[in-house]
Amino acid sequence: MFDASNKGNTKLFPVCVQYFSKFGVKKGIIDLIDDADESATNTFENLEAAIKKS
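Under the working numbering, the residues of the sequence shown are numbered 112 to 165, in order.
Dropping the structure here:
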């Protein structure tokens, strides 16, 4: 899940995950990205970096 929220001139992108464990479905936020550049390329690079960091 990936969605944006405006806060002033900066957009906040929560990077959320949902996965299965032996106890059931788990959900969580792995990162919160703040970015003023709204280009698709920059958004993709930020998402890719958050996934690699986790």
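Where a beta carbon is used, it is the ideal one built from N, C-alpha and C, also for glycine.
Asked: By Cβ distance, which residues of its chain are closer than 7 Å to Asn153, with the 5 residues on each side in sequence left out?; Found: Asp146
Asked: Going by DSSP, what residue range makes up the alpha helix (DSSP H) through Phe155?; Found: Ala151 to Lys164
Asked: Per DSSP, which one or two residues make a beta bridge with Phe134?; Found: Note: Phe134 sits in no beta bridge, so no partner.
Asked: With a threshold of 6 Å, establish whether the CB of Thr154 neighbours any heavy atom of the ligand SAM.; Found: Within the structure as shown, the ligand SAM is missing, as the structure has no ligands at all.
Asked: Report the residue from Asn157, Glu149, Ile141 and Leu158 whose alpha carbon sits nearest the alpha carbon of Tyr130.; Found: Ile141
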